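J.: The sequence shown begins at 150 in the working numbering and counts up one residue at a time.
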Amino acid sequence: AQRIFDAAKKYEDKGYEAGDQMVRELADHLKVALNSDAIILSRISSDEFGFIMPNMDESELKLLAESIVTYVQDLDADPTGMAKANAALGVVHNSVNGSVSDILTLLDNALADANSNLDLTYGYITSQDSRTLMGKQQWKLLVEEAISNDWFSFRMQPANMSAGNTYHYEMFSAIETGDKRYSANQYLFALEQLNVSHIFDQYVIASVLNKLKHEEASLDAPIAVNIAQTSISQPSFIRWVSQHLGKNKDIANRIHFEIPENCFVNSPHHTALFCNAIRAAGADFGVDNYGRNFQSLDYLNEFRPAYVKLDYLYTHHLEDEKQKFTLTSISRTAHNLGIKTIASRVETQTQLDFLSEHFIDVFQGFIVDK
Numbered sequence: 150a151q152r153i154f155d156a157a158k159k160y161e162d163k164g165y166e167a168g169d170q171m172v173r174e175l176a177d178h179l180k181v182a183l184n185s186d187a188i189i190l191s192r193i194s195s196d197e198f199g200f201i202m203p204n205m206d207e208s209e210l211k212l213l214a215e216s217i218v219t220y221v222q223d224l225d226a227d228p229t230g231m232a233k234a235n236a237a238l239g240v241v242h243n244s245v246n247g248s249v250s251d252i253l254t255l256l257d258n259a260l261a262d263a264n265s266n267l268d269l270t271y272g273y274i275t276s277q278d279s280r281t282l283m284g285k286q287q288w289k290l291l292v293e294e295a296i297s298n299d300w301f302s303f304r305m306q307p308a309n310m311s312a313g314n315t316y317h318y319e320m321f322s323a324i325e326t327g328d329k330r331y332s333a334n335q336y337l338f339a340l341e342q343l344n345v346s347h348i349f350d351q352y353v354i355a356s357v358l359n360k361l362k363h364e365e366a367s368l369d370a371p372i373a374v375n376i377a378q379t380s381i382s383q384p385s386f387i388r389w390v391s392q393h394l395g396k397n398k399d400i401a402n403r404i405h406f407e408i409p410e411n412c413f414v415n416s417p418h419h420t421a422l423f424c425n426a427i428r429a430a431g432a433d434f435g436v437d438n439y440g441r442n443f444q445s446l447d448y449l450n451e452f453r454p455a456y457v458k459l460d461y462l463y464t465h466h467l468e469d470e471k472q473k474f475t476l477t478s479i480s481r482t483a484h485n486l487g488i489k490t491i492a493s494r495v496e497t498q499t500q501l502d503f504l505s506e507h508f509i510d511v512f513q514g515f516i517v518d519k
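1) Would DSSP call Y160 helix, strand or coil?
2) Tell me which residue opens and which closes the beta strand (DSSP E) that Y318 is part of.
3) Quick one: what's A370 bridged to in DSSP?
4) Tell me which residues share the same chain as N404 and place their Cβ nearer than 7 Å to its Cβ, disregarding the 5 neighbours each side in the sequence.
5) Check for me: the beta strand (DSSP E) holding I404 runs from which residue to which?
6) In angstroms with no decimal places, state the Cα-to-Cα distance between L459 and M310.
7) Measure the beta-carbon distance from E341 to T379 and round it to whole angstroms, keeping in mind my assumption that it falls under 8 Å.
8) Please determine if the stretch 438-458 and the stretch 479-489 are in contact, where contact requires at least 3 C-beta pairs separated by less than 8 Å.
9) Under the three-state reduction of DSSP, which class applies to P307: helix, strand or coil?
10) For K285, count neighbouring C-beta atoms within 10 Å of its own C-beta (all shown protein chains included) and say buried if the count is 16 or more, exposed if not.
11) What would DSSP say about R494, mapped onto helix, strand or coil?
12) Three-state secondary structure (DSSP) at S391?
13) Measure the alpha-carbon distance for Q546 versus V390 and round it to whole angstroms.
14) Between which residues of its own chain and A263 is the CB-CB distance below 7 Å, once the five residues before and five after are set aside?
15) Following the continuous beta strand (DSSP E) through R330, name the residue where it begins and the one where it ends.
16) Answer yes or no: do F386 and A261 have a C-beta to C-beta separation smaller than 8 Å?
17) What does a CB cutoff of less than 8 Å around H466 pick up in its chain, not counting 5 residues either side in sequence?
18) Please classify L290: is it buried, with 16 or more other beta-carbons within 10 angstroms of its beta-carbon, or exposed?
19) Closest to D399 by C-alpha separation, out of Q170, L361 and Q222, would be which residue?
20) For I189 and F198, I'd like the C-alpha separation in whole angstroms.
21) So if DSSP puts I274 in a beta bridge, which residue, or which two residues, is it bridged to?
22) Kindly indicate the opening and closing residues of the alpha helix (DSSP H) around N450.
23) If you reduce the DSSP assignment to three classes, tell me which class I427 lands in.
24) For E325, which residues in the same chain have their Cβ closer than 7 Å to its Cβ, ignoring the five residues on either side in sequence?
25) Roughly how many angstroms lie between the CA atoms of G313 and F349, to the nearest whole one?
26) When you compare the CB positions of L255 and L282, do they come within less than 8 Å of one another, or not?
27) With I201 as the anchor, note down where its beta strand (DSSP E) starts and where it stops.
28) When DSSP builds the beta bridges, which residues end up paired with K489?
29) Between V131 and L504, how many whole angstroms is the CB-CB distance? I'm expecting something under 8 Å.
30) Roughly how many whole angstroms lie between the Cα atoms of Q222 and Q170?
31) Tell me the rounded alpha-carbon separation between V241 and V353.
32) Out of D177, S208, I381 and Q306, which one is the CA nearest neighbour of F512?
33) Does DSSP put S216 in a helix, in a strand, or in coil?
34) Would you say S493 and T464 are within 8 Å of each other, going by their C-beta atoms?
35) Sort out for me which residues DSSP pairs N375 with in a bridge.
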C-alpha cells in the first residue's frame, strides 16, 4: 500500500481537471513501469493519491516507490537538478492479516515520517515494525489531553547574528508524560491532516504570551513560533490570533510568526489575511523552508517578511556547486530586499564560514549554541 500527498499542488490553481490529467499520466507511467494488472491507483482528494500493490516483495516495492517519486519530480522539473519532489510518499509493506484500520495507521505513520524528514525519499514501514504507532485520531486525542494537562515542554534555541547578539529564539515543543516523550514532528502531521492544527498552535501562542508576560525582562530577543499551513487557512484561527495579540499589545512586538513558504506560494490569500492581522497588532513574521519553491520567489516583494529561514537542505552538502550557486542566488534575492536570512542546522565551522560569506545574516544550530 502506498500513499502520496502534495503531489498535485502545482495543479490546484488550474482546477480539478488538471489534477485528473496528472492521475492519468501517473497511471500510464505505472503501467509501463510494472507488468501487472493487479495494481490499483485511486485519487483520494485534490492532491492525494493511493496505491494498492498486492503480492509484491519489499525490494520491488522500494524500487517502485523510487520510480513514483522520480516521476512526480519530473512533472515539475527543476533546471538545476537539485530540488526534491514537492511531494511526500508513505509506503507500507504488509505481510500479516491486519485490519484496514491497522494498515491505514501504518500508512499515516509512514507518510508522517516522509513529511518530517526531508532527507528521506519516502517514508517506509512494515507490518513487523516494533514501534508504538498511532493513527491520526489517536494523535489528536493525545494532543488534546496534553493541552488539558499541560504535558508540553518547551525549549528555546537561539538564532544568533554574526556579532553574537540573538536575533530571536525559536520555540520547540514536545509532549512529556511519564517516561514517554513525543516530539512535534510525530503529531503535527496528523493534526494537519485532520485540519485541527490550530488547536495546538493556539496553545503554543498562548504559552508564549504567558512566558513573555512573566519573563520579558530576562529575554533579550523575540520568540519565534512556527505556524502550521492548515492553521492559516482557518479564519477562526486568524481572528483568535488577532484578538489575543490585541489584548497584549505591549508584548506583541516580541513575537515572530514563522510561516511555511508553501503558504505564500499555494495559499496567498489566507496568508495575506494572517500577515496583515499580526502586523496590525504589532508582531512580525518570517518565512520557513525558504527556497523550497525557489522558482516562485515573487511573493517576497508582495509580503516583505522580516526574515527568511533557508530550507535546511541548503546548508548541507555545500560541496555541491549547483547547491552553492542556488543558495547564493536566493540569499542574495532576500538581501537585496533588506530581508534578513537565517541558516538553520549549522553544525560545523566550515558551514558557518561559507554561509557568512554568502548573504546569510543569522545562524542557528550546534556551532552557534556552544
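Built from N, CA and C at the ideal position, the CB exists for glycine as well. These numbers come from a predicted model, not from an experiment.
T.: So, from the data block:
1) With a pLDDT of only 49 at Y160, under 50, the local geometry of the prediction cannot be trusted, and the value read off the model is given with reservation. It is helical.
2) T315 to T326
3) Beta-bridge pairing links A370 to no other residue.
4) The residue you asked about is not Asn; residue 404 is Ile in the sequence shown. If we look at I404 and ignore the five residues flanking it on each side, its Cβ neighbours are V357, P371, I372, V374 and A432.
5) I404 to P409
6) 15 Å
7) 5 Å
8) yes
9) strand
10) buried
11) coil
12) helix
13) Summary: the structure shown does not reach residue 546, with the chain confined to residues 150 through 519, and so no result is reported for it.
14) Non-local beta-carbon contacts of A263 in its own chain, meaning distances under 7 Å to residues more than five positions away in sequence, involve A237, L238, G239, L269, Y271 and G272 in chain order.
15) K329 to S332
16) no
17) Q472, listed in sequence order.
18) exposed
19) L361
20) 11 Å
21) V241
22) Y448 to F452
23) helix
24) W300 and S302.
25) 32 Å
26) yes
27) Taken as a continuous stretch (DSSP letters only), the beta strand (DSSP E) holding I201 covers E197 to I201.
28) Y456
29) For the chain, the structure presents residues 150 to 519; residue 131 sits outside this window and is missing.
30) 16 Å
31) 33 Å
32) Q306
33) helix
34) yes
35) In DSSP, N375 forms a bridge with E407.
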